[in-house]
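Trainee: Below: one structure in structure tokens.
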Amino acid sequence: MNWMSFDEALPVIFMALMGLSMLIYVVSDGYDLGVGMLMHRATDAEKDVLVASIGPFWDANETWLVLGVGILLIAFPKAHGLVLGELYLPVALMLVGLTLRGVAFDFRVKARDSHKQTWDRLFFAGSTLASVSQGWMLGRYVSGFGSGWNYPLFAAAIAIALPMAYVMMGATWLVMKTDGELQRRAVQWAKIAWLPMVVGLVLISMATPWISATVRGRWFSLPEFIALLAIPLMTGVALLAARALLNTRAVLGPLAWLPFVLLILVFLLGFLGLAYSIYPYVVIDQLTIWQAASSPAALKVILIGVCISVPAIAAYTVFSYRVFRGKTGELKYA
Amino acid sequence: MDALILSRMQFAANITFHILFPTISIGLGWLLLFFRLRWLKASAAGGDRLAAQGWLDAYRFWTKVFALSFALGVVSGITMSFQFGTNWPGFMERVGNIAGPLLGYEVLTAFFLEAGFLGIMLFGHGKVSEKVHLLATCFVAFGTTLSAFWILALNSWMQTPSGHEVVDGIYHVKSWVEVIFNPSFPYRLAHMLLASSLTCAFLLVGLSAWQTLRGVAQRSAPRVMRVGLTLAAVAIPAQIFVGDQHGLNTLEHQPAKIAAVEGVWETERGAPLLLFAIPDDQTRTNHFELKLPKLASLILTHDLDGEIKGMNDFRDAHPPALPLFFAFRIMVGIGLLMLATSWSGWWLLRRARWQPGGLPRWLLWGFAGMTFSGWVATVAGWYVTEIGRQPFIVYGLIRTADITSKQPSSMIGLTLALYITLYLALIVSYVGVLKYMAEKPEEALQPEPGDQRAVPTGEPA
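Top line first, the protein sequences correspond to chains A and B.
Residue numbering for the first sequence follows this note's numbering, beginning at 1 and increasing consecutively.
Residue numbering for the second sequence follows this note's numbering, beginning at 1001 and increasing consecutively.
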């Protein structure tokens, strides 16, 4: 095996960075979108706690999407045009959703009380619209934008499953960040979301190899199959453990953080599986990362900035989560 | 309508909506830092308790305005990073090697700096030390300005491209210094930063005038109005000077844009300054001209008989005259109005011993009416710049029509309608909420007993 030259490795580095940004986005905005979709189930007092629990984080979470799409735009310009051209309408709908929830979040505490309910509804609607659109986009993307009766059906299934996964993330986030009655209710919400989420995950895992021969070839050949078995097995164990944990009393006390962490693990494993399926394509079976990449000279310039800023971003993200650690109190501008 | 014009309208709608909010947050970040420092100074040992409370009230109120503006800036900014691909797929394919790193640096260094520290700045007071909190405020202000630096570098490169070479239709960088510090960049950056200062200044003046009329915020409004008027009075002459220099720079590099702004069709010496006209792009003439002889030549070339090139010298390569002609006059008109208002207002407020209550009510109404004047001028100015670059996306090199998306018109039209509805609703909500927040009595900003933890004690840590 030959090592590739640095110039050839650059697109791989950026693909990894883009994947990482997207993973962090899905996990971090996943829980706050999930909390948004739980708004309508909460009482008025609880709504304030729900919002306060994600208040300091949500806009930093969304910047990971900007970074991920930004890398697609600046490092893989050909893929950016192709992918976003294919996803024109769902992208527009997602953006409308993200806009609505982002502003509703800020408006609801500042507007007069009689308008608060409207903003809460928009917060819920925006979160749902954004999540459903993202699910549809994920479905279309992993199936290589194929056409035929089965493709839209698949995308529609993911458009339901991904929001459910987000709701589950949101509920377990609340289990971790709240206490008392709300925490008990969050456990119930997590239980409800568990099954649709698992069905969705199974569906993606089954459908991706069914739809793409490339993916089938990569997974179902020996000896890779045995080595790769670890991914679905660990995912299954993490999911079952999370579900079992929700029935125990410990989840209300010392182990409140564990379901959330287990779910992050599930997302991480799912991401690894997906990455294995897709690499070295940016658009499956159509465009490899080398075909889509910018010139090595441009990528090097961007890489310098990345090397300086990504560690800084990581450091203060950790700092910010430390400052606002523990159960959520009242959130006030100060 | 064809897909190109719809795509342009969609991008224009989004970028118009977006620029409203960074224009506020760039300047307001620094103003918050200023309020913060004044509060620290006033609340230090032996300080003035009333002044300290006034500055703290101002800081608290304007932090909320900042949070709201920032949120709207973030969400509309996200939209933009997608629309590069959905509307202009050919743009990044051709100039990605140049635009990519500049956009990348904007996102990496600035966007994250702002969003990451914003949480601590908005909600972290009392949870982190005074010093860390002050530093977070600094980083947010610095981040917004750095953001402007990178994005204006890219925009200016699209206006006056330099430092690149073209290989097989793909643009490569020869010198980053030349790309970033391209000929129009220093002018555009200074012009935009001053525009942001002026927009914030009139927002401060307008809202505190409104509060005075309503009899609320008696501790903070006088202080805020004084800051706003002083800032406006200092910034507007600087802006007029920079604007003039920017115009001369444009004349040198983009003469077709100036020809459209001045409504000059045929190249002429001693061109008149048109105060009013309706340029007609079909017949290539002006209707209803109202002009001052030779003044345009004097302003642009500093010579009564200086030559100004007309649009007929740039067939198929000049922007539409009508929107440029009017957008420019709106911008300049508001600039002159700002000069008159800020200087006379500053003088009258000083005579009233810095108490807005002592100002005549018509003046307070006038201030309140100009609350968002900075927005109008900024957007008009950007229309001059951006429409003025047409029919090119990279001036003189790449035509917008060549890089547009292949989406069907109906799809673009549908999403355009969606975006416009959303943006109009949000602007109305934003202005409404600002008004509502400003009218809330100051006591509502007071700390309630029992949440001392989240409230600064007045002692610098």
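Glycine is no exception: its CB is placed at the ideal position from the N, C-alpha and C atoms.
Here's the rule I'm using: 16 or more other beta-carbon atoms within 10 Å means buried, otherwise exposed. How should L239/A be labelled?
Mentor: Taking a 10 Å sphere around the C-beta of L239/A, we find 16 or more other C-beta atoms and assign the residue as buried.
Trainee: Do W1055/B and F1035/B have their CB atoms nearer than 7 Å?
Mentor: yes
Trainee: For L1424/B, collect the residues of the same chain with a Cβ closer than 6 Å to its Cβ; drop the 5 residues on either side in sequence, then sort them by chain order.
Mentor: none
Trainee: In chain B, which residues lie less than 7 Å from H80/A when you measure between Cβ atoms?
Mentor: G1085, M1092
Trainee: Can you pull the chain B neighbours of P77/A, defined as C-beta to C-beta under 8 Å?
Mentor: M1092, E1093, G1096, G1100
Trainee: Where do the N-terminal and C-terminal ends of the alpha helix (DSSP H) with F1066/B fall, by residue?
Mentor: 1049-1087
Trainee: To the nearest angstrom, report how far apart A1368/B and L1207/B are at their CA atoms.
Mentor: 6 Å
Trainee: What does I74/A touch in chain D if you count any residue whose Cβ is under 8 Å from its own?
Mentor: Protein chains A and B are contained in the structure displayed, whereas chain D is not.
Trainee: What first and last residue would you give for the beta strand (DSSP E) that runs through P1279/B?
Mentor: 1273-1280
Trainee: So what does DSSP say about N1249/B, is it helix, strand or coil?
Mentor: helix
Trainee: Between the Cα of G1073/B and the Cα atoms of I1019/B, G1047/B, P1101/B, T1086/B, which residue gives the shortest distance?
Mentor: I1019/B
Trainee: Run through DSSP, which three-state label would T1285/B get?
Mentor: strand
Trainee: Buried or exposed for A207/A, please, with buried defined as at least 16 other CB atoms from any protein chain shown within 10 angstroms of its CB.
Mentor: buried
Trainee: So that I know if they touch, is there some Cβ in chain B lying closer than 7 Å to that of A92/A?
Mentor: yes
Trainee: Give me the Cβ distance between A1260/B and G1388/B, rounded to the nearest whole Å; I'm assuming they're in contact under 8 Å.
Mentor: 6 Å
Trainee: If contact means a Cβ-Cβ distance below 7 Å, which residues of the stretch 44-73 of chain A contact chain B?
Mentor: Cβ contacts with chain B: G55, P56, F57, D59, A60, E62, T63, L65, V66, L67, V69, G70, L73.
Trainee: Would you list the residues sitting across from I1308/B in a DSSP beta bridge?
Mentor: E1268/B
Trainee: Let me check understanding here. Comparing Cα to Cα, which of S1342/B, L1274/B, S1297/B, H1133/B lies closest to K1291/B?
Mentor: L1274/B
Trainee: Closer than 7 Å, Cβ to any Cβ of chain A: which residues of the stretch 1006-1029 of chain B, in chain order?
Mentor: From the stretch 1006-1029 of chain B, no residue has a Cβ closer than 7 Å to chain A.
Trainee: Can you list, in chain order, the stretches of the alpha helix (DSSP H) that have 4 or more residues and sit fully within the stretch 197-265 of chain A?
Mentor: 213-219, 224-228, 230-245
Trainee: Between D106/A and chain B, is there a C-beta pair that is closer than 7 Å?
Mentor: yes
Trainee: Please confirm whether D120/A and R108/A have their CB atoms less than 7 Å apart.
Mentor: yes
Trainee: Here's a check: name, in chain order, each residue in its chain whose Cβ is nearer than 7 Å to the Cβ of L1289/B, leaving out the five neighbours to either side.
Mentor: Looking at the sequence itself, residue 1289/B is Glu, so the reference to Leu does not match. Around E1289/B: L1274, A1277.
Trainee: Could you run through the stretch 282-299 of chain A and flag, in chain order, every residue whose CB is less than 8 Å away from some CB of chain B?
Mentor: S294, S295, A297, A298
Trainee: Is the shortest distance between the beta-carbon of K327/A and the beta-carbons of chain B less than 7 Å?
Mentor: no
Trainee: Spell out whether any CB of chain A is found under 7 Å from the CB atom of F1034/B.
Mentor: no
Trainee: Say whether chain B places a C-beta atom closer than 7 Å to the C-beta of L320/A.
Mentor: Note that residue 320/A is Ser in the sequence shown here, rather than Leu. Interface annotation, S320/A: in contact with chain B, CB-CB separation under 7 Å.
Trainee: Should Y1105/B go down as buried or exposed, given a rule of 16 or more other Cβ atoms within 10 Å for buried?
Mentor: With 16 or more Cβ atoms within 10 Å of its Cβ, Y1105/B is classed as buried.
Trainee: Applying a beta-carbon distance threshold of less than 7 Å, which residues of chain A neighbour V1128/B?
Mentor: V323
Trainee: Beta-carbon within less than 7 Å of F1011/B's beta-carbon, same chain only, minus the 5 sequence neighbours each way: which residues are those?
Mentor: If the five residues before and after F1011/B are omitted, its C-beta is found closer than 7 Å to the C-beta atoms of Q1083, N1087, all from its own chain and listed in chain order.
Trainee: Which of the three DSSP states, helix, strand or coil, is assigned to I1393/B?
Mentor: Per DSSP, reduced to three states, the secondary structure at I1393/B is strand.
Trainee: If you follow the beta strand (DSSP E) that H1172/B is part of, which residue opens it and which one closes it?
Mentor: 1170-1173
Trainee: Based on DSSP bridge pairs, tell me the residues matched to R1399/B.
Mentor: In the DSSP output, where bridge partners are listed per residue, R1399/B has F1392/B.
Trainee: Can you tell me whether T118/A is helix, strand or coil according to DSSP?
Mentor: helix
Trainee: At a CB-CB cut-off below 8 Å, which residues of chain B make contact with V301/A?
Mentor: P1101, V1173, W1176
Trainee: Could you check whether the stretch 1265-1272 of chain B touches the stretch 1298-1311 of chain B, counting it as contact only if at least three pairs of C-beta atoms, one from each stretch, sit closer than 8 Å?
Mentor: yes
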